[in-house]
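Read the structure below first, then the notes.
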Amino acid sequence: MASRRFPVSLVSLLKQVIWLGGRHWWLSFLLWLVLVGPAQAAMELRVAIKEGVSRVQLGSSTKAIVRDATGQEIAQLEALNGFSAHGGGSSVELGKLRSSQLSIEPTDGGFVWIGDRWYRGRTLLVPTSGGLTAVNIVNLEQYLYSVLGAEMSADWPQEALKAQAVAARSYALYKRATAGNKVYDLGDTTKWQVYKGLETEGQGTHLAVDATAGQVMTYGGQIILAVFHASSGGHTENVENVWTGSYPYLRGVADYDMGSPGFEWTKNFSRSELSRRISGVGSVISMTPEHTTPSGRIVTMIVKGDRATRRISGNDLRSALGLRSTLFVVNPTDNGFQLHGRGYGHG
Numbered sequence: 028m029a030s031r032r033f034p035v036s037l038v039s040l041l042k043q044v045i046w047l048g049g050r051h052w053w054l055s056f057l058l059w060l061v062l063v064g065p066a067q068a069a070m071e072l073r074v075a076i077k078e079g080v081s082r083v084q085l086g087s088s089t090k091a092i093v094r095d096a097t098g099q100e101i102a103q104l105e106a107l108n109g110f111s112a113h114g115g116g117s118s119v120e121l122g123k124l125r126s127s128q129l130s131i132e133p134t135d136g137g138f139v140w141i142g143d144r145w146y147r148g149r150t151l152l153v154p155t156s157g158g159l160t161a162v163n164i165v166n167l168e169q170y171l172y173s174v175l176g177a178e179m180s181a182d183w184p185q186e187a188l189k190a191q192a193v194a195a196r197s198y199a200l201y202k203r204a205t206a207g208n209k210v211y212d213l214g215d216t217t218k219w220q221v222y223k224g225l226e227t228e229g230q231g232t233h234l235a236v237d238a239t240a241g242q243v244m245t246y247g248g249q250i251i252l253a254v255f256h257a258s259s260g261g262h263t264e265n266v267e268n269v270w271t272g273s274y275p276y277l278r279g280v281a282d283y284d285m286g287s288p289g290f291e292w293t294k295n296f297s298r299s300e301l302s303r304r305i306s307g308v309g310s311v312i313s314m315t316p317e318h319t320t321p322s323g324r325i326v327t328m329i330v331k332g333d334r335a336t337r338r339i340s341g342n343d344l345r346s347a348l349g350l351r352s353t354l355f356v357v358n359p360t361d362n363g364f365q366l367h368g369r370g371y372g373h374g
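Take the working numbering: the final residue in the sequence shown is number 374, and no numbers are missing along the way.
Right, dumping it as structure tokens:
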């Protein structure tokens, strides 16, 4: 099988485990492989790392076993070599290997390389619309080691990290239970919760996850959809005002985040820039909130231009203008508009 050496090689892997032992990084790495390598007997998650791509770079830190859709071993991959996989209609191709799905399983507690990062667990490749999807199948608690460092920081206070661990665990398990027939439970971006593999793990995230092992949030005996955000801007929102559907436990309440760096924000736009970002209206003349939530978030905005007038949802406007939230007011300026808002995220 044709292969190429990873440009990152072993160096990037070692950098991500140095925190275990400071100057004695070599001992840490050995301990990591011996003690952490064998996955604990716990629930696994299927996390989509690359979805609907034409091809993806793959590999393993140790020798890896390749299995076909029946689970039969059909090949082995050399350690620290890069391989390119691509979708071919109803099958996946990895070099000369071809199957309706392929899995890559590292030996000796190794790690997998997907795209441009190292991950725990193993890799599943499935053909999907537009090409193939690369899924990282990973132990739930080990998945959380990374999520905490990606959504917060491994250096934040332990109690904050513990709270995030419980929320992230609850969210992941809720998504797992409601995934249906998808080939994955959740993705790795802010659309779900951010997951970056070994890159965002740290001693603080390990301590927080281990200290809260198995802890989840429930309502009526069921795990809840534990959504979260960076800053609420002083008040959270009833979920039906943000997304479709209503949950009795996701009610808007006053929040205590005035000290958050993302509590307030301001963005200025010229009329020409707004015209580029909001299609079909021409030069923007006015922006008027039509409907808002009880906390003041924009539900719909009427944007009037010299060519047309559009009704735009708050979420679509936030996306088009790159805003931190939908909680904002609009003030005209000499050559455009100033948006002054609060919060960072959906609220």
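Glycine included, C-beta positions come from ideal geometry on N, C-alpha and C.
Contact under 8 angstroms by Cβ, residue i with residue j
{"i": "Y222", "j": "S287", "result": "no"}
{"i": "W292", "j": "R351", "result": "yes"}
{"i": "Y371", "j": "A194", "result": "no"}
{"i": "L107", "j": "S130", "result": "no"}
{"i": "G203", "j": "L72", "result": "The sequence given here places Arg at residue 203; Gly does not occur at that position. In contact: R203 and L72 (Cβ atoms closer than 8 angstroms)."}
{"i": "P154", "j": "S111", "result": "no"}
{"i": "I325", "j": "F355", "result": "yes"}
{"i": "I305", "j": "A347", "result": "yes"}
{"i": "Q220", "j": "A181", "result": "no"}
{"i": "L167", "j": "A75", "result": "no"}
Residues bridged to residue i [DSSP beta-bridge criterion]
{"i": "E71", "result": "N166"}
{"i": "S126", "result": "V119"}
{"i": "V366", "result": "Going by the sequence as given, residue 366 is Leu instead of Val. K294 and V357."}
{"i": "L350", "result": "The partner list for L350 (beta bridge, DSSP) is empty, contrary to what the question assumes."}
{"i": "L151", "result": "S130 and V162"}
{"i": "I325", "result": "T319"}
{"i": "E100", "result": "R94"}
{"i": "F110", "result": "L85"}
{"i": "V139", "result": "S87 and Y146"}
Whole-angstrom distance between residue j and residue i, CA atom to CA atom
{"i": "W52", "j": "E228", "result": "Confidence is the limiting factor: at W52 the pLDDT is only 39, short of 50, which leaves the residue's position unreliable and the question unanswerable from this model."}
{"i": "L366", "j": "Q242", "result": "40 angstroms"}
{"i": "K90", "j": "Q103", "result": "7 angstroms"}
{"i": "N358", "j": "L200", "result": "43 angstroms"}
{"i": "G148", "j": "G86", "result": "12 angstroms"}
{"i": "Y246", "j": "H262", "result": "22 angstroms"}
{"i": "L225", "j": "A235", "result": "16 angstroms"}
{"i": "T320", "j": "D343", "result": "16 angstroms"}
{"i": "D361", "j": "R298", "result": "10 angstroms"}
{"i": "T205", "j": "K294", "result": "37 angstroms"}
{"i": "S302", "j": "T315", "result": "16 angstroms"}
{"i": "G368", "j": "G349", "result": "12 angstroms"}
{"i": "E300", "j": "L152", "result": "41 angstroms"}
{"i": "H113", "j": "G122", "result": "9 angstroms"}
{"i": "G109", "j": "V162", "result": "17 angstroms"}
Presumed contact (8 angstroms Cβ cut-off) between residue i and residue j, rounded CB distance
{"i": "V83", "j": "G142", "result": "6 angstroms"}
{"i": "T150", "j": "E78", "result": "Not confirmed; about 14 angstroms, so no contact."}
Report yes or no: do the segment 248 to 261 and the segment 331 to 338 share at least 3 C-beta pairs separated by less than 8 angstroms?
By the criterion of at least three beta-carbon pairs nearer than 8 angstroms, the segment 248 to 261 is not in contact with the segment 331 to 338.
Is the segment 132 to 144 touching the segment 182 to 193 in the sense that three or more CB pairs, one from each, lie closer than 8 angstroms?
Touching, no, given that fewer than three Cβ pairs across the two stretches are closer than 8 angstroms.
Please confirm if the segment 203 to 223 is in contact with the segment 257 to 276, defined as three or more CB-CB distances below 8 angstroms between the two stretches.
No: the two stretches stay apart, fewer than three of their Cβ pairs being nearer than 8 angstroms.
Taking three-plus beta-carbon pairs below 8 angstroms as touching, is the segment 275 to 283 in contact with the segment 293 to 311?
No contact exists between the segment 275 to 283 and the segment 293 to 311.
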